[in-house]
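Colleague: In terms of the numbering used here, the sequence shown opens at residue 296 and continues consecutively. The C-beta atom is built at its ideal place from N, Cα and C for all residues, glycine as well. Structure below; questions to follow.
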Amino acid sequence: MFISKANGRWFFTTQADHSVLVGQIAAFWGNEQFATPKPLRSMIIAAAEHDHSWVREDHQGLLKSDGVPYDFANLPYDRHTSLYAEGARQVASRDVYSGMMVSLHGMGIYNYRHGTDDSMIRPRRNEEDTQIIDSYMEGEKEYQDQLRRELEKTHGDYMEDDVFWTNYHLLQVWDRLGILMSKYQQEDFVIEPAPTDYGGKTTRLSFRSLGECRFAVDPYPFAAPEITFCFIARWLNQIQFGGDDIYRRTLDLTQRIPISYTFLPEGEA
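In structure tokens:
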């Protein structure tokens with residue numbers, strides 16, 4: 296669950312709804328300035344399902360000791376790592392290349408997105424954290440070795456480092472944009488570096504707010520001249536809940552509403 300504060304209330308977006316949003320971004324990525332992802336279907340699946348294993352956790356509705364809900368960023372490490380490991384295997388059962396990308400995505404939360412985002416890290420606060428994370432990372436490396444042997448037979452062209460790591464980086468750019476939208480971002484922001492091709496070129500994406508979920512983008516990375524992405528979210532008053540059951544019931548009874556974000560090229564704003 297993504298939980299952010301906006302307009303004096305809490306804004307809730309489930310990981311599953313966030314994943315669907317990121318899949319939309321992937322499906323419309325690419326134009327004369329930005330390479331279309333390849334293999335396209337596998338990358339869309341990876342984007343659209345990278346957090347689907349969180350469905351159960353999203354509906355658990357657990358509170359911290361202060362009565363404030365857990366969100367994805369402060370969930371205990373044992374549950375956090377197990378969800379990402381489970382998710383990679385779920386996606387790989389459908390598409391092996393997609394599963395590889397999702398496995399790398401989960402690992403990236405603990406190593407600055409494999410060096411592509413210096414703001415992304417979950418700190419190791421004690422020895423128990425270190426043991427949980429190290430065990431998870433080791434398990435994912437072994438699992439990726441297994442997937443790699445299979446993919447080198449079927450997806451050789453997409454396993455070359457320039458394509459493989461550009462695809463991972465693209466997934467992180469889409470996820471970062473999706474996270475900001477899932478947190479109801481309304482101010483100007485930047486995402487960098489963002490790949491523009493499969494030859495190592497990157498750029499700085501600047502998003503200028505035009506008011507209430509509309510942004511001008513420079514350079515513009517999408518296939519349509521103007522694009523709108525929609526996802527489902529909930530608004531809740533900022534209160535301390537009296538227990539997990541009360542919190543879960545409140546979530547279940549809170550209306551889910553569509554949220555739309557529109558992006559257009561800076562020169563056309």
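Quick check: what's the CA-CA separation for Ala330 versus Gly506?
Modeller: As a working note, residue 330 is residue 35 in the sequence shown. As a working note, residue 506 is residue 211 in the sequence shown. Those two C-alpha atoms are separated by around 29 Å.
Colleague: Can the beta-carbon of Met296 be found less than 7 Å from the beta-carbon of Asp366?
Modeller: Translated into positions along the sequence shown, residue 296 becomes position 1. Translated into positions along the sequence shown, residue 366 becomes position 71. Yes.
Colleague: Which value, in whole angstroms, describes the spacing of the CA atoms of Arg408 and Thr497?
Modeller: Residue numbering aside, residue 408 sits at position 113 when the sequence shown is read from its first letter. Residue numbering aside, residue 497 sits at position 202 when the sequence shown is read from its first letter. Taking the straight line joining both Cα atoms gives about 16 Å.
Colleague: Within 10 angstroms of the Cβ of Ala518, are there 16 or more other Cβ atoms? Answer buried if so, exposed if not.
Modeller: Working through the sequence shown from its first residue, we reach residue 518 at position 223. Looking at its Cβ environment, which holds fewer than 16 other Cβ atoms inside 10 Å, Ala518 is exposed.
Colleague: Does DSSP classify Tyr542 as helix, strand or coil?
Modeller: One-based indexing of the sequence shown puts residue 542 at position 247. It is helical.
Colleague: With a floor of 4 residues, list each alpha helix (DSSP H) that falls wholly inside the segment 399-426, ordered by position along the chain.
Modeller: Listed in chain order, they are 407-410.
Colleague: Return yes when the Cβ of Thr376 is within less than 7 Å of the Cβ of Ala528, no when it is not.
Modeller: Your numbering for residue 528 matches position 233 in the sequence shown. Your numbering for residue 376 matches position 81 in the sequence shown. No, Cβ-Cβ distance for Ala528 and Thr376 is not below 7 Å.
Colleague: Please state whether DSSP places Asn532 in a helix, a strand or coil.
Modeller: Numbered from its first residue, the sequence shown carries residue 532 at position 237. Asn532: strand per DSSP, three-state reduction.
Colleague: Helix, strand or coil for Gly394, going by three-state DSSP, please let me know.
Modeller: Walking along the sequence shown from the start, residue 394 turns up at place 99. Helix.
Colleague: Taking 7 Å as the cut-off, decide whether the C-beta atoms of Leu465 and Pro488 are in contact.
Modeller: Walking along the sequence shown from the start, residue 465 turns up at place 170. Walking along the sequence shown from the start, residue 488 turns up at place 193. It is not a contact, given that the beta carbons lie outside the stated cut-off.
Colleague: To the nearest angstrom, how far is it from the Cα of Tyr453 to the Cα of Ile486?
Modeller: Taking the sequence shown and counting its residues from 1, one reaches residue 453 at position 158. Taking the sequence shown and counting its residues from 1, one reaches residue 486 at position 191. Roughly 25 Å separates the two Cα atoms.
Colleague: Short check: CB of Ser348 to CB of Tyr479, under 7 Å?
Modeller: Stepping through the sequence shown from its first residue, residue 348 is reached at position 53. Stepping through the sequence shown from its first residue, residue 479 is reached at position 184. No, the pair does not count as a contact, with Cβ atoms beyond the cut-off.
Colleague: If I'm right that Leu472 touches Ile320 with Cβ under 8 Å, what's the distance once you round it to whole angstroms?
Modeller: Here residue 472 refers to the residue found at position 177 when the sequence shown is read from its first residue. Here residue 320 refers to the residue found at position 25 when the sequence shown is read from its first residue. Leu472 to Ile320, Cβ: 6 Å. Contact.
Colleague: Please state whether DSSP places Tyr463 in a helix, a strand or coil.
Modeller: Position 168 of the sequence shown holds residue 463. Correct three-state label for Tyr463: helix.
Colleague: Identify the continuous beta strand (DSSP E) that holds Asp513 and give its terminal residues.
Modeller: Numbered from 1 along the sequence shown, position 218 holds the residue referred to as residue 513. 509-513 is the span of the beta strand (DSSP E), which, as asked, contains Asp513.
Colleague: With a CB to CB cut of under 8 Å and the five nearest residues on each side skipped, what residues in its chain are close to Gln439?
Modeller: Here residue 439 corresponds to residue number 144 of the sequence shown, with the count starting at 1. Met395, Ser398, Leu399, listed in sequence order.
Colleague: Name the DSSP bridge partner or partners of Thr497?
Modeller: Within the sequence shown, residue 497 is the residue found at index 202, counting from 1. Partner(s): Pro490.
Colleague: Reducing DSSP to helix, strand and coil, say where Lys583 ends up.
Modeller: This structure leaves residue 583 out entirely; the chain is present only between 296 and 564.
Colleague: For Glu437 and Pro332, what's the separation of their Cα atoms in angstroms?
Modeller: Locating residue 437 in the sequence shown gives position 142, where the first residue counts as 1. Locating residue 332 in the sequence shown gives position 37, where the first residue counts as 1. Each residue's alpha carbon lies about 26 Å from the other.
Colleague: So what's Arg304 in DSSP terms, helix, strand or just coil?
Modeller: Numbered from 1 along the sequence shown, position 9 holds the residue referred to as residue 304. DSSP places Arg304 in strand when its eight states are reduced to three.
Colleague: Suppose you measure from the CA of Phe536 to the CA of Val391; what does that come to, to the nearest Å?
Modeller: The residue you call residue 536 lines up with position 241 of the sequence shown. The residue you call residue 391 lines up with position 96 of the sequence shown. Going by the C-alpha atoms only, they are around 42 Å apart.
Colleague: Hey, could you find the ends of the alpha helix (DSSP H) Tyr379 is sitting in?
Modeller: As a first step, residue 379 must be located in the sequence shown, where it is residue number 84. Its alpha helix (DSSP H) spans residues 372-387.
Colleague: State the Cα-Cα distance for the pair Glu521 and Leu500, rounded to the nearest angstrom.
Modeller: Within the sequence shown, numbered from 1, the residue matching residue 521 stands at position 226. Within the sequence shown, numbered from 1, the residue matching residue 500 stands at position 205. Straight-line Cα distance between these residues: approximately 16 Å.
Colleague: Hey, how far is the Cα of Thr557 from the Cα of Thr523?
Modeller: Taking the first residue of the sequence shown as 1, we reach residue 557 at position 262. Taking the first residue of the sequence shown as 1, we reach residue 523 at position 228. Near 4 Å, if we compare the C-alpha coordinates of Thr523 and Thr557.
Colleague: Count the other CB atoms, across all protein chains shown, that sit within 10 Å of the CB of Ala301; report buried if there are 16 or more and exposed otherwise.
Modeller: Along the sequence shown, one-based indexing puts residue 301 at 6. Its Cβ having fewer than 16 others within 10 Å, Ala301 is exposed.
Colleague: Here's the rule I'm using: 16 or more other beta-carbon atoms within 10 Å means buried, otherwise exposed. How should Ile534 be labelled?
Modeller: The residue you call residue 534 lines up with position 239 of the sequence shown. Ile534 comes out exposed.
Colleague: Does the beta carbon of Asn302 come closer than 7 Å to any beta carbon on chain B?
Modeller: Judged by its chain identifiers, the structure shown contains no chain B, having just a single protein chain.
Colleague: For the alpha helix (DSSP H) containing Ser555, name the first residue and the last one.
Modeller: Position 260 of the sequence shown holds residue 555. From DSSP, Ser555 is part of no alpha helix (DSSP H) but of the beta strand (DSSP E) over 552-560.
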